[in-house]
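Asks:
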Amino acid sequence: MSNISIYNSEKQTLTGISFLKDVSVQIKIRDIKDISEFNTQVGSMMLTIINHLGIKEAVSKIEKDDVKEMILMQFKHLSLDEVSYAFKLERYGVYRDKTDHFQLFNAEYVSTVLNKYLKWKVETRK
Numbered sequence: 035m036s037n038i039s040i041y042n043s044e045k046q047t048l049t050g051i052s053f054l055k056d057v058s059v060q061i062k063i064r065d066i067k068d069i070s071e072f073n074t075q076v077g078s079m080m081l082t083i084i085n086h087l088g089i090k091e092a093v094s095k096i097e098k099d100d101v102k103e104m105i106l107m108q109f110k111h112l113s114l115d116e117v118s119y120a121f122k123l124e125r126y127g128v129y130r131d132k133t134d135h136f137q138l139f140n141a142e143y144v145s146t147v148l149n150k151y152l153k154w155k156v157e158t159r160k
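Our numbering applies: residue 35 is where the sequence shown begins, and numbers increase by one.
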C-alpha cells in the first residue's frame, strides 16, 4: 500500500464542493490494510488538528487511543482526508454551531465534530 496515499494534505485546500466530488476516490478507513501506515497518518493528523485547535496541554496516549478506537468503530466509512476536513470546517465556522473543546481533545469532542461533518456532507450534496 506504500504507493497508495491514505491521507493527502493537499486535499484540505479544496473547496467544499470540490472536496465532496473527490471523496469517492479517497481510501476509506475500513479499507486501509497497512496498520502501521494508518497509525502514522492518524498520529500526524491528530497533532495537526490539536495544534490548529490551540489546545495547549499535551493529549494523553489514553485519550488518543480512545479517539482512534472510536473512529475505527463509528467512522470507518470515512477517509482520513474527511476526518481532517471535518475539523477544518469546524475551525472555519462552517457548521451552524461551534463546538467548544474546552482544551480537551477526546472521543466525545471528535465524535461531535464528525457527526456535524456527516450532516454538512448530506446537506451540501443536496
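The beta carbon of each residue, even a glycine, is placed where N, CA and C say it ideally should be.
Hey, out of Leu48, Gln108, Met104 and Ser58, whose CA is closest to Leu123's CA?
Replies: Ranking Leu48, Gln108, Met104 and Ser58 by Cα distance to Leu123 puts Leu48 first.
Asks: Would you mind working out which of Thr146, Lys132 and Lys98 sits nearest Asn73, comparing C-alpha positions?
Replies: Residue Lys98 is the option with its Cα nearest to Asn73.
Asks: When we look at the beta-carbon of Leu81 and count the other beta-carbons within 10 Å, is it buried (16 or more) or exposed?
Replies: It is exposed - the Cβ of Leu81 has fewer than 16 other Cβ atoms within 10 Å.
Asks: Out of curiosity, what's the CA-to-CA distance linking Gln46 and Ser70?
Replies: So the alpha carbons of these two residues sit roughly 23 Å apart.
Asks: Determine, using beta carbons only, whether His163 and Lys153 come nearer to each other than 7 Å.
Replies: This structure gives no information on residue 163, because the portion of the chain shown stretches from 35 to 160.
Asks: Between the alpha carbons of Met104 and Tyr126, how many angstroms are there, rounded?
Replies: Near 24 Å, if we compare the C-alpha coordinates of Tyr126 and Met104.
Asks: Classify Ser58 as helix, strand or coil using the three-state DSSP reduction.
Replies: In the structure shown, Ser58 sits in a helix (DSSP, three-state: H, G or I).
Asks: Where does the unbroken alpha helix (DSSP H) through Ile83 begin, and where does it stop?
Replies: Run containing Ile83: Ile69 to Leu87, per the alpha helix (DSSP H) assignment.
Asks: What did DSSP end up calling Ser118 once you bin it into helix, strand or coil?
Replies: In this structure, Ser118 counts as helix in the three-state DSSP scheme.
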